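Engineer: All residue numbers for the sequence shown refer to the numbering used here, where the first residue is 298 and numbers rise by one.
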Amino acid sequence: MSELKQSKYIDITTDYGFKKVFGSDTNKDLLIAFLNELFRGRKIIADLYYNKNEHVGDTEDIGTVIFDLTCTADNGERFIIEVQRTAQDNLKKRMLYYSSKLIADQAPKGNRRAWNYAISEVYIIVLMDGFTMPDAGEEKYFLHDICLCYRDHSKIFYEDLGFIYVELVNFVKAEAELDNDLDRWLFILKNMSSLKGLSRYLRKPIFEKLFQLAEYSKLKPEEREMYNASLRNKWDAESIRSSQEEQLKRAREKAIAEGRAEGEAKGRAEGEAKGRA
298 MSELKQSKYI
308 DITTDYGFKK
318 VFGSDTNKDL
328 LIAFLNELFR
338 GRKIIADLYY
348 NKNEHVGDTE
358 DIGTVIFDLT
368 CTADNGERFI
378 IEVQRTAQDN
388 LKKRMLYYSS
398 KLIADQAPKG
408 NRRAWNYAIS
418 EVYIIVLMDG
428 FTMPDAGEEK
438 YFLHDICLCY
448 RDHSKIFYED
458 LGFIYVELVN
468 FVKAEAELDN
478 DLDRWLFILK
488 NMSSLKGLSR
498 YLRKPIFEKL
508 FQLAEYSKLK
518 PEEREMYNAS
528 LRNKWDAESI
538 RSSQEEQLKR
548 AREKAIAEGR
558 AEGEAKGRAE
568 GEAKGRA
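Structure (structure tokens):
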């Protein structure tokens, strides 16, 4: 990293940056503020505490699942907050599996009759950095708020299980276009490492604390090492993703060209056949 000019603020979509900003008791007000904006008034979180992020499988074969962040809010709601940096075909299934872990872990070891399936609310928050939702097509939504609904109409079937996917690549607002605090959070998440300072569009106490916390110059030497390693991992993931996208693009172009050539050859053959007839 020493050969490059370091940005003023850390990239908070790196593994280290994300956990430094959102993953400690001293900074849980930042996570609370962000979650409240994501729920857009549907849910108000006053306090939360952090849970273990390592969940051991039910059998040796299943193994251990490690989440980025897990926490429980003051009303018992449980959250997993994940940052995903590479596109995955099984992303939706994996997040569904994660939610099932939080649900299954609520069951007591004994006396389940008394428990009576009193399942707390479970929410999975996914920040997608640099890629779009699988099967999104031409849609350019940056926020997907998902729950269980009836197939034939929009009535909610079950309120207490939800998934929120944030596609940062589709959030394209400039600073002057930020309308609310959710916009401000997403702008910061996407752009913080390229910002020079706290602009008037972001001047609120919660963001002032965030910017102070994220200053690279305030990191201790060992923190800088961990951050730099985390940043290199992100760059490696971006390089792999870019290479895969380029390969896919070339494959599509080749298929189109081959299809066009095949069509032209067929057309010539049909024309020659008509000429001989």
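No residue lacks a Cβ here, since even glycine has one placed at the ideal position from N, Cα and C. Since the structure is predicted, the reported quantities are computational estimates derived from the model, not experimental observations.
Using beta-carbon positions only, say whether aspartate 457 and lysine 470 come within less than 7 Å of one another.
Structural biologist: It is not a contact, given that the beta carbons lie outside the stated cut-off.
Engineer: DSSP state of leucine 393, grouped into three classes?
Structural biologist: In the structure shown, leucine 393 sits in a helix (DSSP, three-state: H, G or I).
Engineer: Measure the alpha-carbon distance for glutamine 303 versus leucine 516 and round it to whole angstroms.
Structural biologist: When rounded, the distance between both Cα atoms is 12 Å.
Engineer: Could you please give the first and the last residue of the uninterrupted beta strand (DSSP E) stretch that includes glutamine 463?
Structural biologist: For the record, residue 463 in the displayed sequence is valine; it is not glutamine. Run containing valine 463: 453–464, per the beta strand (DSSP E) assignment.
Engineer: Is it buried or exposed for serine 454, if we count other Cβ within 10 angstroms and need 16 for buried?
Structural biologist: Note that residue 454 is phenylalanine in the sequence shown here, rather than serine. When all chains shown are included, phenylalanine 454 counts as exposed.
Engineer: What are the complete alpha helix (DSSP H) segments, minimum 4 residues, inside the region 488–555?
Structural biologist: Listed in chain order, they are 502–510.
Engineer: Out of Gly407, Leu465, Ile416, point me to the one whose CA is closest to leucine 440's CA.
Structural biologist: Ranking Gly407, Leu465, Ile416 by Cα distance to leucine 440 puts Leu465 first.
Engineer: State whether the region 401–409 contacts the region 420–432, with contact taken as three or more CB pairs (one from each stretch) at a distance under 8 Å.
Structural biologist: As far as the Cβ criterion goes, the region 401–409 does not touch the region 420–432, which means the pair count is below three.
Engineer: Below 7 Å between beta carbons: does that hold for leucine 366 and glycine 320?
Structural biologist: Result yes, Cβ atoms of leucine 366 and glycine 320 sit closer than 7 Å.
Engineer: Comparing C-alpha positions only, which one of Trp482, Ile416, Cys446, Asn333 sits nearest to phenylalanine 315?
Structural biologist: It is Trp482.
Engineer: Could you give the distance in angstroms between the alpha-carbon of arginine 391 and the alpha-carbon of alanine 384?
Structural biologist: In a straight line, the C-alpha of arginine 391 is about 12 Å away from that of alanine 384.
Engineer: According to DSSP, is isoleucine 342 part of a helix, a strand, or is it coil?
Structural biologist: Note: isoleucine 342 maps to coil in three-state DSSP.
Engineer: Buried or exposed for glutamate 519, please, with buried defined as at least 16 other CB atoms from any protein chain shown within 10 angstroms of its CB.
Structural biologist: Per the 10 Å Cβ criterion, exposed.
Engineer: Which partner residues of glutamate 375 appear in the DSSP bridge assignment?
Structural biologist: The displayed chain sequence assigns arginine, not glutamate, to residue 375. Thr369, Val419, per the DSSP bridge assignment.
Engineer: Roughly how many whole angstroms lie between the Cα atoms of alanine 415 and aspartate 533?
Structural biologist: Distance between the alpha carbons of alanine 415 and aspartate 533: 43 Å.
Engineer: Taking Cβ positions, are isoleucine 262 and tyrosine 395 nearer each other than 7 Å?
Structural biologist: Outside the shown range of the chain, which is 298 to 574, sits residue 262, and nothing can be said about it.
Engineer: Under 7 Å, do threonine 311 and aspartate 426 count as touching if we go by C-beta distance?
Structural biologist: No.
Engineer: If the criterion is Cβ atoms closer than 7 Å, does the pair tyrosine 313 and serine 527 meet it?
Structural biologist: Closer than 7 Å, so yes.
Engineer: Give me the DSSP bridge partner(s) of glutamine 381.
Structural biologist: DSSP lists Met425 as partners of glutamine 381.
Engineer: Take the Cβ of tyrosine 447 as the centre, count every other Cβ of all protein chains shown within 10 Å, and call the residue buried at 16 or more, exposed below.
Structural biologist: Exposed, because fewer than 16 other Cβ atoms sit within 10 Å of the Cβ of tyrosine 447.
Engineer: For isoleucine 307, which of helix, strand or coil comes out of DSSP?
Structural biologist: Note: isoleucine 307 maps to coil in three-state DSSP.
Engineer: Along the chain, where does the beta strand (DSSP E) containing leucine 440 start, and where does it finish?
Structural biologist: Looking at the DSSP string, the run of the beta strand (DSSP E) that includes leucine 440 is 440–446.
Engineer: Grouping DSSP H, G and I as helix and E and B as strand, with all else coil, what is glutamate 559?
Structural biologist: It is helical.
Engineer: Taking all protein chains shown into account, decide if alanine 370 is buried (16 or more other Cβ within 10 angstroms of its Cβ) or exposed.
Structural biologist: It is buried - the Cβ of alanine 370 has at least 16 other Cβ atoms within 10 Å.
Engineer: Starting from the Cα of arginine 337, find the closest Cα among Asn477, Asn348, Leu486 and give me that residue.
Structural biologist: Nearest of Asn477, Asn348, Leu486 to arginine 337, Cα basis: Asn477.
Engineer: Taking the straight line between their C-alpha atoms, what separation do you get for aspartate 432 and valine 380?
Structural biologist: Computed Cα separation, rounded: 19 Å.
Engineer: What are the boundary residues of the alpha helix (DSSP H) that includes alanine 433?
Structural biologist: Where alanine 433 is concerned, there is no enclosing alpha helix (DSSP H), given that its DSSP letter is neither H nor E.
Engineer: Buried or exposed: where does leucine 332 fall if 16 or more other Cβ atoms within 10 Å of its Cβ makes it buried?
Structural biologist: Buried.
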